[in-house]
Amino acid sequence: MNLQPIDLAIVAGYLLLTVGLGFWVAKLASGSIQGYFLAGNKLPWWVLGLSNASGMFDVAGTMWMVGLLVVYGLKSVFIPWLWPVFNQVFLMAFLAIWLRRSGKLTGAEWISFRFGEDFGARASHLINVVFALIMVVGMLAFGFLGIGKLAAEFIPYRFSADPMINDKIYGLIVVALTTVYSVKGGMYSVVMTEILQFFIKLVVCIAIAWIAMSLVTPEMIRAVVPAGWHDILFGWKLDLDWAGLARSAAPDQKVVADTAVSVISKEGYSAFGIFFILMTFQGVLKAMSGPAPNYDMQRLLSAKSPTEAAKISGFVNVVLLFPRYLMIAGMAVLALCFIGPQWTHMQAVAAASGQSFTGDIDSILPWVIRNYMPPGLMGLALAGMLSAFMATYSASLNAAPAYVVNDIYRKYIRPDAPQKRLVHLSYATSLTFAVLGALIGWQLTSIDGIVGWITTGLYGGYTVANVIKWYWWRLNGTGYAASMALGVAVAMWMAVWKDPVTGQAINALSAFPWLLLACLAAAVIGSYVTKPTDMATLKLFYKKTRPWGFWKPVLEALRTDEPEVQPNRDFWRDMFNSLTGVVWQTAITASAIFLIIREMDRFWLSLGLVVLCSVVMKFTWWDKLRDEPA
């Protein structure tokens with residue numbers, strides 16, 4: 000179905016409204032660097048929570064998760080633990096409070112708060128900035144690829160016979176529009192536009208869920224998926240016999256099954272039990288390291304208080320997961336039941352020209368919008384997907400100047416720079432990173448590939464040092480910098496290395512334990528061959544943050560000045576709340592899928608589990624929140 004005038008009007012109206020809103024609130028951010036990056040710490044927690052949820056509701060990630068659900072069924076709810084999706088739970092339980100107590104502007108500035116200002120501390124500060132900027136570019140490229148694929152599906156004009164070139168050019172156009180308001184307004188523009196975008200996406204999620212439930216019956220789904228697709232539980236092997244289904248399926252469905260076989264073979268998740276153990280192990284470590292220095296951390300540092308920072312992370316789980324998975328599940332079942340004829344036709348066209356064709360999992364989302372949205376609703380759906388991209392992109396873009404301007408220029412080059420100059424330099428930095436993200440995105444072809452590198456390669460190198468920094472007093476700036484530098488270097492090498500014989504890239508998940516051990520050794524050796532962090536710095540950090548862990552020498556030193564200071568005795572409660580939160584979060588996700596596929600007994604069971612976990616956390620988490628440590 001082609002775009003109708005009403006659809007074009009809705010999309011154009013959305014773009015004008017978003018850019019206009021961004022410029023309208025820009026004056027709130029133009030006065031100071033604090034206002035530009037953190038909105039002056041004036042926004043309430045539920046506003047920042049909606050903004051953060053909207054920023055996480057990205058197009059490329061949604062395409063990826065739709066494909067996962069098509070191929071892996073209910074077991075796909077665990078695969079985003081690679082990110083890890085449950086980092087919001089650990090932030091909610093305790094880490095967001097610890098982070099916000101610092102009162103710092105960026106994650107790199109927080110590093111100086113933790114390690115001081117000696118040579119090792121400055122090295123750790125700089126490597127944190129480098130990581131943050133690599134992360135920003137990776138996320139910008141990730142979003143660029145997804146929005147280009149979406150836009151090219153709906154705009155009939157073609158710049159080139161190569162569909163990949165069209166994807167990239169349309170990506171550049173949307174990126175340019177998003178950059179305009181993001182650069183001008185800083186955090187205020189990003190947050191205000193993200194809230195508008197969230198409610199547009201909410202309407203789209205409900206509409207797609209309603210269409211899927213109207214057109215697809217449970218019997219239709221069971222006819223096109225292998226046994227075990229509906230089961231959330233699993234053994235050592237995946238045991239989804241897509242290959243057997245391909246042999247017996249009707250011609251239109253065979254290409255879908257063959258695509259599923261190809262995806263499972265390429266991603267290497269067939270040994271699902273081992274994959275789950277590795278994924279959970281690294282997911283817990285990543286979650287315990289706190290937020291990566293990106294838009295998520297900026298939202299938490301923007302909170303009015305530490306307890307409001309914790310509420311932001313809790314609220315994200317509530318407002319993001321259920322509506323997003325209604326849409327993901329709706330698109331997945333529509334694709335499973337109806338995409339076969341189109342893919343079969345494309346396979347025949349490819350064969351006639353002497354080429355091969357397997358279905359493109361990334362194309363499912365735009366295919367559903369194009370084929371099942373009526374005029375008007377299609378325009379709203381496109382506006383929703385544009386908003387999903389723009390929210391994630393603008394949030395990532397806003398993080399870049401915080402590191403360049405505050406953590407490099409202001410710290411090392413011109414500490415006395417006037418506020419206006421810092422804001423103008425932030426504009427230039429954002430524009431520079433928008434260009435870099437587009438250049439990297441132009442080189443990419445697969446969403447799954449960039450997801451794997453960000454979640455396991457880049458985060459793998461980041462994890463060790465950033466776990467230890469919270470829980471072990473003896474880690475100093477040199478140990479942190481050595482561990483991070485090794486991790487970032489290996490991650491960048493993994494991004495480009497290919498086996499000279501097979502042409503295969505390194506399996507980042509399998510390499511994670513070895514990377515973990517190497518980075519751990521670098522952190523410990525680097526810390527012990529150099530002097531400890533200055534005790535005055537450690538005492539200030541511990542007094543304000545009060546983490547649990549191995550901090551006894553610092554506590555004893557602090558008590559010589561302030562005998563009434565108490566250690567953090569909340570470890571077991573925080574772990575209980577984290578475990579309960581992971582169950583709660585997974586149940587929210589599963590309940591949306593069960594509703595769409597009409598597995599009503601399991602829907603009510605998962606919903607009951609959500610309610611039970613919510614009641615428990617009311618008493619063990621919400622009622623126990625406090626801004627200041629004991």
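Residues 0 to 629 (numbering that gives the first Met the number 0) make up the sequence shown, in order.
Beta carbons are placed, not taken as given, at the ideal position from N, Cα and C, and that holds for glycine.
Can you tell me whether Trp571 is helix, strand or coil according to DSSP?
If DSSP states are grouped into helix, strand and coil, Trp571 belongs with the helices.
Assuming Val76 is part of the alpha helix (DSSP H), what are its boundary residues?
Premise fails: Val76 is in no alpha helix (DSSP H) and is neither H nor E.
Comparing C-alpha positions only, which one of Ile133, Ile231 and Gly486 sits nearest to Ile78?
Considering only Ile133, Ile231 and Gly486, the residue with the shortest C-alpha distance to Ile78 is Ile231.
Thinking C-alpha only, which one of Arg545, Asp573 and Ala586 is nearest Gln627?
It is worth fixing the name first, because residue 627 is Glu in this sequence and not Gln. The residue with the shortest Cα to Cα distance from Glu627 is Arg545.
Report buried or exposed for Lys687, applying the criterion of at least 16 other Cβ atoms within 10 angstroms of its Cβ.
Here the chain comprises residues numbered 0 to 629, so residue 687 is not present and cannot be evaluated.
Just how far apart, CA to CA, sit Trp209 and Ser301?
Each residue's alpha carbon lies about 36 Å from the other.
Going by DSSP, name the residue or residues bridged to Phe549.
Note: Phe549 sits in a beta bridge opposite Trp471.
Between Trp472, Trp492, Met599 and Lys468, which has its C-alpha nearest Ser482's C-alpha?
It is Lys468 whose Cα lies nearest to the Cα of Ser482.
Buried or exposed, going by whether 16 or more other CB atoms sit within 10 Å of the CB of Glu218?
Exposed, by the Cβ-count rule.
For Leu201, collect the residues of the same chain with a Cβ closer than 6 Å to its Cβ; drop the 5 residues on either side in sequence, then sort them by chain order.
Excluding positions up to five away in sequence, the list reads Pro322.
Give me the Cβ distance between Leu277 and Phe511, rounded to the nearest whole Å; I'm assuming they're in contact under 8 Å.
Between Phe511 and Leu277 the Cβ distance is about 7 Å, and since that is below 8 Å, they are a contact.
Which residues mark the beginning and the end of the alpha helix (DSSP H) in which Tyr324 is found?
From DSSP, the alpha helix (DSSP H) with Tyr324 extends over Pro305 to Phe337.
From what residue to what residue does the alpha helix (DSSP H) around Phe85 run?
Per DSSP, Phe85 lies in no alpha helix (DSSP H) and is assigned neither H nor E.
Just to confirm before moving on: does the CB-CB distance between Val523 and Leu537 stay below 9 Å?
Cβ distance not < 9 Å, so Val523 and Leu537 don't count as in contact.
For the 8 Å Cβ check, are there 3 or more pairs between the stretch 2-22 and the stretch 370-382?
The stretch 2-22 vs the stretch 370-382: in contact.
Rounded to whole angstroms, what's the CA-CA distance from Gln281 to Tyr268? Just pull it up for me.
If I take the Cα positions, the gap works out to 16 Å.
In whole angstroms, what separates the C-alpha of Glu338 from that of Asp569?
Looking at the sequence shown, residue 338 is not Glu but Ile. Between Ile338 and Asp569, the C-alpha separation is close to 51 Å.
Going by the CB atoms, is the gap between Ala286 and Phe549 shorter than 9 Å?
It is not a contact, given that the beta carbons lie outside the stated cut-off.
Helix, strand or coil, according to DSSP, for Met288 in the structure here?
The amino acid at residue 288 is misidentified as Met; the sequence shows Ser. Here Ser288 sits in coil by DSSP.
Assess contact between the stretch 254-263 and the stretch 48-55, defined as three or more Cβ pairs (one per stretch) separated by less than 8 Å. Is contact present?
No: the two stretches stay apart, fewer than three of their Cβ pairs being nearer than 8 Å.
Should Ala175 go down as buried or exposed, given a rule of 16 or more other Cβ atoms within 10 Å for buried?
With fewer than 16 other Cβ atoms within 10 Å, it is exposed.
Whether or not the stretch 65-72 and the stretch 556-575 are in contact is what I'm after, with contact meaning three or more pairs of Cβ atoms, one per stretch, closer than 8 Å; do they touch?
Too few Cβ pairs lie closer than 8 Å, so no.
Under 8 Å, with one C-beta from each stretch per pair, do the stretch 513-533 and the stretch 463-479 reach the 3-pair mark?
Verdict: yes, contact present.
So, using beta-carbon positions, are Val46 and Ile194 closer together than 9 Å?
Yes, Cβ-Cβ distance for Val46 and Ile194 is below 9 Å.
Look up Ile96 in the DSSP assignment and say whether it is helix, strand or coil.
The answer is helix: DSSP assigns Ile96 an H, G or I state.
How about Val173 and Leu364: do their beta carbons lie closer than 9 Å?
Not closer than 9 Å, so no.
Per-residue DSSP class, three states only, for Glu193
For Glu193, the three-state secondary structure derived from DSSP is helix.
Cβ pair Gly436, Val10 closer than 9 Å:
Contact flag unset, no.
Let me know if Gln87 comes out buried or exposed under the rule of 16 or more other beta-carbons within 10 Å of its beta-carbon.
Under this definition Gln87 is a buried residue.
I'd like the list of long-range same chain contacts for Ala95, defined as Cβ closer than 6 Å, with 5 residues on each side in sequence excluded.
Result list for Ala95: Leu299, Ala308, Ala309 and Ser312, in chain order.
What are the boundary residues of the alpha helix (DSSP H) that includes Phe618?
For Phe618, the enclosing alpha helix (DSSP H) begins and ends at Met599 to Thr619.
Got a sec, what are the start and stop residues for the alpha helix (DSSP H) Ala245 sits in?
Residue range Trp241 to Ser247 is occupied by the alpha helix (DSSP H) that includes Ala245.
Is it buried or exposed for Pro414, if we count other Cβ within 10 angstroms and need 16 for buried?
By the C-beta density criterion, Pro414 is exposed, having fewer than 16 other C-beta atoms within 10 angstroms.
For Ala464 versus Gly486, is the C-beta distance shorter than 9 Å?
Yes, the Cβ-Cβ distance between Ala464 and Gly486 is below 9 Å.
Distance check for Pro400 and Leu244, CA to CA, integer angstroms please.
Answer to the nearest angstrom: the Cα atoms are 51 Å apart.
From Arg121 to Ala291, what distance separates their C-alpha atoms?
Looking at the two C-alpha atoms, the distance is approximately 19 Å.
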